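Each protein sequence line maps, in turn, to chains S and D. Counting from 37, one number per residue, gives the positions in the first sequence under this note's numbering. Counting from 200, one number per residue, gives the positions in the second sequence under this note's numbering. Glycine is no exception: its CB is placed at the ideal position from the N, C-alpha and C atoms. It should be emphasised that the depicted structure is a prediction, and the values quoted were computed from it without experimental measurement.
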Amino acid sequence: MMFKEPISMSRALESQVVKVMLPTHLRSNMLATLPIEIRRRSMFIAGEQSADVLQRVNDAIVDVLRGNQTEEGARARLQALPDLLDNPRLQSEGRARLILETNIDMARGYGGYQQSQDVDVLSEFPAWELYRAEERKEPRDWPARWAEAGGVFFPDILANSANWTIKRKNDMIVFLNDKEYGKDRISWLLANAYLQSLEWNDNEMRVQLSDQISELQGQRHNGLRGVEEQLLGVLTRHGRKALGNDYRAARWIERILSGKLSLGYNQGAGHESFHESLDNAQRENTTTRGMGQGNRDKFSSYSCASWAIELVDKESPYYSGGSLATLANSDYSAGRMIALKDDPIWTEISAFGLPYAPFDYNSGMDLRDIDRDEAEALGLLDSGDVVQPERLGFNLGVEAHPSATGSILDALVDYYVGQGIGRLVGEGAVRLIGGGS
Amino acid sequence: MTINFQVEGNPGEAVERVRAFLVSDSMRNIAGYEGQRTVREHLQGLDQTRANRMGGRRTHYYGSARRATEYVIEGEDIIISIGQVGMKLHFYGGTVTAGKNISSATGQPTKYLTIPASPAAYGHSARDFPNLIVVWGHGGKPVGLAVAEEANRAGGSHRGPKLVKRGALVPGQMMFWLKESVTMQPDPTVLPTSETLGENIADRVGKAVVRRFGGTSETATDEGGDAS
Numbered sequence: 037m038m039f040k041e042p043i044s045m046s047r048a049l050e051s052q053v054v055k056v057m058l059p060t061h062l063r064s065n066m067l068a069t070l071p072i073e074i075r076r077r078s079m080f081i082a083g084e085q086s087a088d089v090l091q092r093v094n095d096a097i098v099d100v101l102r103g104n105q106t107e108e109g110a111r112a113r114l115q116a117l118p119d120l121l122d123n124p125r126l127q128s129e130g131r132a133r134l135i136l137e138t139n140i141d142m143a144r145g146y147g148g149y150q151q152s153q154d155v156d157v158l159s160e161f162p163a164w165e166l167y168r169a170e171e172r173k174e175p176r177d178w179p180a181r182w183a184e185a186g187g188v189f190f191p192d193i194l195a196n197s198a199n200w201t202i203k204r205k206n207d208m209i210v211f212l213n214d215k216e217y218g219k220d221r222i223s224w225l226l227a228n229a230y231l232q233s234l235e236w237n238d239n240e241m242r243v244q245l246s247d248q249i250s251e252l253q254g255q256r257h258n259g260l261r262g263v264e265e266q267l268l269g270v271l272t273r274h275g276r277k278a279l280g281n282d283y284r285a286a287r288w289i290e291r292i293l294s295g296k297l298s299l300g301y302n303q304g305a306g307h308e309s310f311h312e313s314l315d316n317a318q319r320e321n322t323t324t325r326g327m328g329q330g331n332r333d334k335f336s337s338y339s340c341a342s343w344a345i346e347l348v349d350k351e352s353p354y355y356s357g358g359s360l361a362t363l364a365n366s367d368y369s370a371g372r373m374i375a376l377k378d379d380p381i382w383t384e385i386s387a388f389g390l391p392y393a394p395f396d397y398n399s400g401m402d403l404r405d406i407d408r409d410e411a412e413a414l415g416l417l418d419s420g421d422v423v424q425p426e427r428l429g430f431n432l433g434v435e436a437h438p439s440a441t442g443s444i445l446d447a448l449v450d451y452y453v454g455q456g457i458g459r460l461v462g463e464g465a466v467r468l469i470g471g472g473s
Numbered sequence: 200m201t202i203n204f205q206v207e208g209n210p211g212e213a214v215e216r217v218r219a220f221l222v223s224d225s226m227r228n229i230a231g232y233e234g235q236r237t238v239r240e241h242l243q244g245l246d247q248t249r250a251n252r253m254g255g256r257r258t259h260y261y262g263s264a265r266r267a268t269e270y271v272i273e274g275e276d277i278i279i280s281i282g283q284v285g286m287k288l289h290f291y292g293g294t295v296t297a298g299k300n301i302s303s304a305t306g307q308p309t310k311y312l313t314i315p316a317s318p319a320a321y322g323h324s325a326r327d328f329p330n331l332i333v334v335w336g337h338g339g340k341p342v343g344l345a346v347a348e349e350a351n352r353a354g355g356s357h358r359g360p361k362l363v364k365r366g367a368l369v370p371g372q373m374m375f376w377l378k379e380s381v382t383m384q385p386d387p388t389v390l391p392t393s394e395t396l397g398e399n400i401a402d403r404v405g406k407a408v409v410r411r412f413g414g415t416s417e418t419a420t421d422e423g424g425d426a427s
């Protein structure tokens, strides 16, 4: 059921609303030396010395976490703050976006982390995999960071298998263009298509559909959902006939129809006119992964008239939410980055010193749960082993609850004053000594 | 879902232990977490396959929705929530009308929604672009915001930050359509089907039961296979 009012992200939200404003002149590298409990419980922006600005930024973040505001709306709100006009660094779009996204994701990451540390959840999902959730133009070298932290790489069977190479079969080419994956617009009807080649194994099925080109032209459709229905219809009508009595293939069809499979697409033709799309496809194909020069011409000529379709088993341990394609990017060239949830590596790879995502600014990396069956199969633990939960408590003796804000503030003041580095400057704000007015 | 397990001793007591587990907070946490995981994976799939149709900078709307997915236990209920503006609208469809937000330019309620008309407009608000001019249509109604002459600013200044590369915007280029309201059609595919959720949760709970009490579990879909 859907609720009329947004359901708050309780844990993420409570981690944000209890934050103490920490105006400071310190830069990022100096702030990074503060104890983690302080950083996690404080709202600060490097160099921002106005508690009022911090409070307004925090309010915007809380509104996003409550589901009351979009991130874009919150950013526009920040950039419109008159106080920020004196601080061009904060007013810039990129800076505002980074501040918001990082803080929002850290609050959400904290909420997810707390839930993942439940003893029963840990028993079922004892490990995480670090994976690339979003592409970046210039991704950091996460395998190197993982290796430097002592992480173990696990073989990525599918990414290294022959399934990821270009295949040719009777002039039909099954391809995977991971660089273009996700950028295509599914806006054209694939009408009266029929199966032209089909390959499958226990984990993956590749279907090549093709038809007379004229029938593909000029037929608009209402997007992905309609295409999905078309594909299911095609597979239902033609798939069974083509597959005959092959048990494994028939089982694939059943999984498709029961919704247990994810459909991914790679489309040669865009939503432009056919001739334009032909040109585009030829250009795009020059970047096709693993494509030898000798194959390109043939490839291009067919890609416009056909779709390559991946059907990925959601039950496969290598399923990554809609596609196996993410496994084929460079982050996985060294293998999969998996460790138990109580492994210190999660803190070690983090630029923020926290055991949950985000692990760095705008990284595009995230965590995927690995269930017990797979973790045991990978040798991470035995059947009787228990992963110890770790609650990120506040070492100064208070709990994360809105009503405890005063206690947190008191504790923070005690800490700062005790350390000789801060003083109370107003309700809900502590200033590090040396900060401006 | 079918769970088979052998019992040593009193069968009634064993069944009672399993029953107690199935109504426990432990089970709810496991079921809630699996539900959350299923929704997150579904949204991850959408994020990979539903880039904005015009191209341009990706906002990763569904990726953000994935990170905003959480479960909470309220009494005997497990609630999986997505704390992201717009998900309900995507699911049910509906009409969005201008006036809900305050215009940063006028300080008054907005009169129009700004709909990206160019890939460069994705992930931006109109105020991100200097020197946009209103394009008027028949009857004197505004229809869009287009790039005026001298619109490209390559460097930051006291009036604002660096926004676009020099020459990136073409004078006259339509950046946003202005609409008083926009109606979206319902799209139930933004969430996994209740069948998928149910099967995944049942499967997960079955595994948890077997892990604690021994035996084997089978979901309904595992029993099928000969479909030809």
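From the DSSP secondary-structure annotation, give me the bridge partner or partners of D/Asp276.
In DSSP, D/Asp276 forms a bridge with D/Glu273.
So for D/Pro387, helix, strand or coil by DSSP?
Of the three classes helix, strand and coil, the one that applies to D/Pro387 here is helix, per DSSP.
Do you know offhand how far S/Ala411's Cα is from D/Phe220's?
Roughly 24 Å between the two C-alpha positions.
Can you tell me where the alpha helix (DSSP H) with D/Tyr291 in it begins and where it stops?
Unbroken alpha helix (DSSP H) run through D/Tyr291: Met286 to Tyr291.
Measuring only the C-alpha atoms, how far is D/Thr432 from D/Pro315?
Only positions 200 to 427 of chain D appear in this structure, which leaves residue 432 of chain D out of reach.
For a test of the three-state rule: what should DSSP assign to D/Arg411, helix, strand or coil?
Helix at D/Arg411.
Taking only beta-carbon atoms, is S/His61 less than 7 Å away from chain D?
So, not an interface residue.
Pop quiz: D/Asp224 and D/Ile272 are said to be a contact at Cβ under 8 Å. What is the actual Cβ separation, rounded to whole angstroms?
Yes, D/Asp224 and D/Ile272 are in contact; Cβ-Cβ is about 7 Å, under 8 Å.
Within 10 Å of its beta-carbon, does S/Ala23 have 16 or more other beta-carbons around it, so buried, or fewer, so exposed?
Absent from the model: residue 23 of chain S. The displayed extent of chain S is 37 to 473, so no value can be given.
Less than 7 Å between the beta carbons of S/Arg172 and S/Ile385, yes or no?
Against a cut-off of 7 Å, the Cβ pair of S/Ile385 and S/Arg172 comes out as no contact.
Could you pull the start and end residues of the alpha helix (DSSP H) that D/Tyr261 belongs to?
First-last of the alpha helix (DSSP H) with D/Tyr261: Tyr260 to Arg266.
Can you give me, in chain order, the residues of the stretch 313–346 of chain D that have a beta carbon less than 9 Å from any beta carbon in chain S?
Flagged, chain order: Gly322, His323, Ser324, Arg326 and Asp327.
Just mark D/Glu469 as buried or exposed, buried being the case when its beta carbon has 16 or more other beta carbons within 10 Å.
In the structure as shown, chain D starts at 200 and stops at 427, and residue 469 of chain D therefore has no counterpart that could be examined.
On a CA-only basis, which of D/Gly244, D/Arg216 and D/Val369 is nearest D/Ala264? Give me that one, please.
Of the listed residues, the one whose Cα sits closest to D/Ala264 is D/Gly244.
Just to confirm, is the Cβ distance from S/Ala82 to S/Leu70 under 7 Å?
For S/Ala82 and S/Leu70, no; Cβs fall outside 7 Å.
Quick one: which chain S residues come within Cβ less than 9 Å of D/Tyr232?
Gln151, Ser152, Asp154, Asp156, Val157, Glu160, Phe161 and Asp405, listed in chain order.
Express the C-alpha separation of D/Trp335 and S/Ile74 in angstroms, rounding to a whole number.
So the two alpha carbons sit approximately 54 Å from each other.
Have a look at S/Ser313 and D/Ala345 and give me their C-alpha separation to the nearest angstrom.
Annotation note: pLDDT 33 at S/Ser313 (below 50); position unreliable, coordinate value reported separately. C-alpha separation (whole angstroms): 27 Å.
In its own chain, which residues sit with a C-beta less than 8 Å from the C-beta of S/Ser197, not counting the 5 before and 5 after it?
Low confidence applies here, because S/Ser197 scores a pLDDT of 30, under 50, leaving its location unreliable; read the following figure in that light. Hits under 8 Å: none found.
Output needed in chain order: residues of the stretch 372–400 of chain D with a Cβ under 9 Å from some Cβ in chain S.
Here the close residues are Gln384, Asp386, Pro387, Thr388, Pro391, Thr392, Glu394, Thr395, Glu398 and Asn399.
Taking S/Thr138 as the query, report the chain D residues whose CB atoms sit under 7 Å from its CB, ordered along the chain.
In chain order: nothing, as chain D lies at least about 12 Å away.
Using 8 Å for Cβ pairs, my map puts D/Leu331 next to D/Ala319. What's the rounded Cβ distance?
Not really, about 12 Å apart at Cβ, beyond 8 Å.
Can a CB atom of chain S be found closer than 7 Å to the CB of D/Gly282?
So, interface residue.
Just to confirm the assignment, what range does the beta strand (DSSP E) spanning S/Asp405 have?
S/Asp405 -> beta strand (DSSP E) spans Met401 to Ile406.
Taking just the CA atoms, how far does S/Ser152 sit from S/Met57?
S/Met57 and S/Ser152: Cα-Cα distance of roughly 28 Å.
Using 7 Å as the limit for Cβ to Cβ distance, is S/Glu351 near chain D?
Any answer about S/Glu351 is weak, because its pLDDT of 48 lies below 50 and its placement is not dependable; what the coordinates show is given next. No, S/Glu351 lies away from the interface with chain D (no Cβ there is under 7 Å from its Cβ).
Provide the residue span of the alpha helix (DSSP H) that contains D/Pro210, from first to last.
Here the alpha helix (DSSP H) through D/Pro210 covers Pro210 to Leu221.
Identify the contact partners of S/Gln105 in chain D, using a Cβ-Cβ distance below 8 Å as the criterion.
Residues of chain D passing the Cβ test: Val284.
Name the residue from D/Gly338, D/Arg236 and D/Val342 whose alpha carbon lies nearest to the alpha carbon of D/Phe375.
Answer by Cα proximity: D/Val342.
Grab the span of the beta strand (DSSP E) containing S/Glu165 for me, first residue to last.
Ala163 to Arg168 is the extent of the beta strand (DSSP E) around S/Glu165.
Considering D/Thr313, what are the terminal residues of the beta strand (DSSP E) in which it resides?
D/Thr313 -> beta strand (DSSP E) spans Leu312 to Pro315.
Please compile the residues from chain S whose C-beta is within a distance smaller than 7 Å of the C-beta of D/Ala149.
Since the displayed chain D opens at 200 and closes at 427, residue 149 of chain D lies outside it and no answer follows.
Please determine if the stretch 387–401 of chain D and the stretch 230–241 of chain D are in contact, where contact requires at least 3 C-beta pairs separated by less than 8 Å.
Short answer: they touch.
Measuring CB atoms only, is the stretch 280–294 of chain D touching the stretch 379–393 of chain D, in the sense that at least three cross pairs come out at less than 8 Å?
At 8 Å Cβ cutoff, the stretches touch.
Can you tell me whether DSSP reads S/Gly109 as helix, strand or coil?
It is helical.
Under the three-state reduction of DSSP, which class applies to S/Arg144: helix, strand or coil?
If DSSP states are grouped into helix, strand and coil, S/Arg144 belongs with the helices.
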